[in-house]
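Protein chains in written order, with our numbering: chain G, 5 to 560; chain X, 1480 to 1917.
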């Protein structure tokens, strides 16, 4: 009994030890910190990335705050643009053309609360958009000139950009590849950034032109004047926003020095043997060796051995705010046909900056330089949805402060794209047949050549010329588009059940809106008692009038 | 949004106007002799002889050694010959048989220099007088002329006053003066003037314009309270376009009405017809006509290709000068002929000449310029390798000096500063006039 009692006690003790050990083990597992890897996408609610709508609301709040500072604050609420007007703005800004009647009909089927989001999504998945945006960015990176023969392939460069933007490559990554690219201009198209500026005498990319391009395209700063002289009036500040200093001639050349060892050969662009950058500064008797160094925020520079990698990592450093502002300002300009800060590539490093820009900068960095998201945010703002018409007298200040959507003249490429699309009932895009695409492409190129390409400075305000007006009146492209029996004028006239429907479709195709009563009455009076053959002529004339109208040529 | 624009405004752009502004003198300066002197700088000189300019633009860069600066018998001539002209001591390239007869009216600038050896950049340089500046587009010479000379007589001209015939890579642009100063572009004058003819009946044109008026009025009504677009949104160009479509002056473009014999004097080529049209346009009061002859970029087979171009150029330019003289227009019309740079003194392995901006030539005639003069001289023995070629040209002139010379001939105060959209005042021209030509 005692033995059995001892055994039982021993068993109980052993059991207790086992249970205690087990509990301790479980407890350890339960309470030990970092027992499992943290999920990558998790963030506490207070730190989670804001939704697109939340960021857009912050942008609008910033704009409202500045509006409230106006000497004559608004006493009347601005009008809101209707969905078709917003769709027109989006298509012009992102795809460089108008929404087709087909797209408008489809948009009308979408829940009204989701239309902008739906339409932006459609456009971002459309090659027209990535190509159009690629061309806008290419103008900043390589300009519009034909450039050096054989070694410069601008079309390849634009196509490459098109792919990057279509697949939404993080913008900082894209910028790094442009600045550090090696290889042949055909196989590695990003290097056309370098071959565009090859100096005929040296056979090398010109460091001075590269410095100018880099500062304007990636830093949003026009420091080209410093190439030849210091800035004596203190209007070109470098250094940092907290400790600005006047720009000096040497600043420009220190930036140029980053490109001193870029070589070009039959194998393409590559980093060659390190060579000194020499320049004779104003007032000096001889050239001096200038070391590569960034003109601002030097503390952000790393120690990469390769000069271009060092430059690229510095340019795209998330704390290098000028890089972010330059991108925000350019995308805003694309969306509104007008930048937040003018000109698009000259933003002070000491400010003041529009608060809306700063909000967008923060979100762009938080989203890992997501261009598509940036576009979605801007499209979601109330500012983008404001009408260009207003219940109050609109002054320059109201336009600057975005109390109304700014009225801007369409760029030549937008006019050409709008003419092609408005004269086709179906959407002219990458799914159109090859003949349609080739014909449209050729017609648009010829048109822009004669109309006058806006060049690199395409967001600057430009006036219309008599030559442009004559081209719109009597030019080949409009005549061919209107007279072609397969295009919308003939089809609208032939397929519409009555002239009222035909007029409405024509207005939708050209102005993305229905005619108002006065317009409808004016045209319907002419069409009373017309025979079938006369209808076609009248619809062609209606198209001509609408395409030539002031409203057609402006983003509203 | 607040206005966030930042201009350069550095010392290089520190202008007389800015100085006056800064010193608070702009209001008082007019009371002083200094003020009077400064004010005179801003007036065009009405006594100037030249009223118009014709630019014979040789795109691609002609070889100065085969055109206006031949060096027969030297190594760098590489076998090319020269021809005597009616002015003793002045020779032209061998192909200029007819221009040689007009030499008493023509002078040559043989020591031009440029810092640009790339076509695009050099064309910009010589057409504007400035090197390319990515932050600003400078106006072409014709745009400046139209901007600066706008008299009552100009108001009578319905057709564009700045015209580019057979436009090349960079037809004259208004640049910072505005697109309205861009050259009107037209092609071979044997074809109709582009875009001035409606393709429908007059009745349909009238109805279209009436409809257009209704549409425009509706849009303007809806934005009538938008003062931020005042002056930018309107229909004045529409009216000007309609006026031009019905202008009698359009007949100047129609060279088919010119007797065949006269036309053939200029050569039966688009360029020849272009020069004839330029003459007729100048008669109608047009200020600047540019006629392009391209194909001069002879990296291979230089001698033969240059000769082919000269065959087209010679009758046209000679007839132009001769006819201007015959019609008493030469004294009021300045004629310039040249390209963006010259070509290397040595033939390359393909028998071509490459780019040479270190000393090249331009011909100039009329508009008060004395004929039969040669300004500058290039060496016959340039060094094969040299970083500094300044000693290889005597009396050299940068291309902006040609601009200053043209502006002087036209009475335009070229040192005057104009406002630019980027907020920095810019001199019309930074060059010095070549006074030995007057």
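Virtual Cβ for every residue (Gly too), placed ideally from N, Cα, C.
To the nearest whole angstrom, what separates the beta carbons of residue 380 of chain G and residue 89 of chain G, a pair I think is in contact under 8 Å? The pair is not a contact, with the Cβ atoms about 18 Å apart (cut-off 8 Å).
Nearest-angstrom Cα separation, counted from residue 1693 of chain X out to residue 1702 of chain X: Taking the straight line joining both Cα atoms gives about 15 Å.
Run through chain G and tell me which residues come within less than 7 Å of residue 1596 of chain X, C-beta to C-beta. 204 and 205
Could you work out which residue in X:1823, X:1698, X:1537 and X:1710 is closest to residue 1862 of chain X when comparing CA atoms only? X:1823
Give me the Cα-Cα distance between residue 388 of chain G and residue 382 of chain G, rounded to the nearest whole angstrom. 7 Å
How would you write the range of the alpha helix (DSSP H) that residue 328 of chain G sits in, first residue to last? 325 to 340
Note down, in chain order, each residue of its chain lying with its Cβ closer than 6 Å to the Cβ of residue 252 of chain G, except the 5 sequence neighbours on either side. 234
Within the same chain, show all residues whose beta-carbon is closer than 8 Å to that of residue 412 of chain G, passing over the 5 residues directly before and after it, in chain order. 340, 341, 342, 465, 558 and 559
Check residue 551 of chain G in the structure and name its three-state DSSP category. In this structure, DSSP gives residue 551 of chain G a helical state, which the three-state scheme calls helix.
Buried or exposed for residue 553 of chain G, please, with buried defined as at least 16 other CB atoms from any protein chain shown within 10 angstroms of its CB. buried
With the cut-off set at 8 Å, would you say residue 1884 of chain X and residue 1840 of chain X are in Cβ contact? no
Between the C-alpha atoms of residue 1539 of chain X and residue 1601 of chain X, what's the straight-line distance to the nearest angstrom? 10 Å
What does the alpha-carbon distance come out to for the pair residue 1719 of chain X and residue 474 of chain G? 9 Å
What separation, rounded to the nearest whole angstrom, lies between the Cα atoms of residue 157 of chain G and residue 188 of chain G? Going from the Cα of residue 157 of chain G to the Cα of residue 188 of chain G covers about 10 Å.
Can you say whether residue 1444 of chain X is buried or exposed, counting buried as having 16 or more other CB atoms within 10 angstroms of its CB? Past the edges of chain X, shown from 1480 to 1917, lies residue 1444 of chain X, and the structure says nothing about it.
So, helix, strand or coil for residue 1840 of chain X, using DSSP? Collapsing the DSSP output to three states places residue 1840 of chain X in a strand.
is_contact[residue 1640 of chain X, chain G] using C-beta, thresh 8 Å: no
Just to confirm, are residue 1608 of chain X and residue 1909 of chain X a CB contact at a threshold of 8 Å? yes
In whole angstroms, what separates the C-alpha of residue 214 of chain G from that of residue 1786 of chain X? 39 Å
To the nearest angstrom, report how far apart residue 527 of chain G and residue 544 of chain G are at their CA atoms. 13 Å
Does residue 19 of chain G come out as helix, strand or coil in the three-state DSSP assignment? helix
By DSSP, does residue 418 of chain G sit in helix, in strand, or in coil? helix
I need the boundaries of the alpha helix (DSSP H) containing residue 1570 of chain X, first residue and last residue. No alpha helix (DSSP H) contains residue 1570 of chain X, which is instead part of the beta strand (DSSP E) from 1570 to 1572.
Find the residues of chain X that neighbour residue 85 of chain G, judging by a C-beta separation of less than 8 Å, and give them in chain order. In chain order: nothing, as chain X lies at least about 12 Å away.
Which residues in the same chain have their Cβ closer than 8 Å to the Cβ of residue 104 of chain G, if we skip the five residues on either side of it in sequence? So the qualifying residues of the chain are 425, 428, 429, 430, 431, 432 and 513.
Please compile the residues from chain X whose C-beta is within a distance smaller than 8 Å of the C-beta of residue 469 of chain G. 1658, 1659, 1661 and 1716
Alpha-carbon spacing of residue 73 of chain G relative to residue 402 of chain G, whole angstroms: 11 Å
So with CB distances below 7 Å, who are the chain X contacts of residue 150 of chain G? 1599
Quick check: the Cα distance between residue 216 of chain G and residue 1615 of chain X, rounded to an integer number of angstroms? Going by the C-alpha atoms only, they are around 13 Å apart.
On the criterion of 16 or more Cβ atoms from any shown chain inside 10 Å, does residue 573 of chain G qualify as buried, or is it exposed? The shown model of chain G, from 5 to 560, leaves out residue 573 of chain G, and the question about it has no answer.
Among G:141, G:249 and G:225, which residue has its Cα nearest to the Cα of residue 236 of chain G? G:249
Enumerate in chain order the residues of its own chain whose CB-to-CB distance from residue 127 of chain G is below 8 Å, with the five nearest sequence positions on each side excluded. 94, 95, 98, 99 and 133
Judging by CA-CA distance, which residue of X:1622, X:1825 and X:1758 is the nearest neighbour of residue 1780 of chain X? For residue 1780 of chain X, the nearest C-alpha among the options comes from X:1825.
Three or more C-beta pairs below 8 Å linking the segment 479 to 486 of chain G and the segment 444 to 457 of chain G: yes
If you follow the beta strand (DSSP E) that residue 283 of chain G is in, where does it begin and where does it stop? 281 to 283
In the segment 249 to 263 of chain G, which residues sit with their C-beta less than 7 Å from some C-beta in chain X, listed in chain order? none
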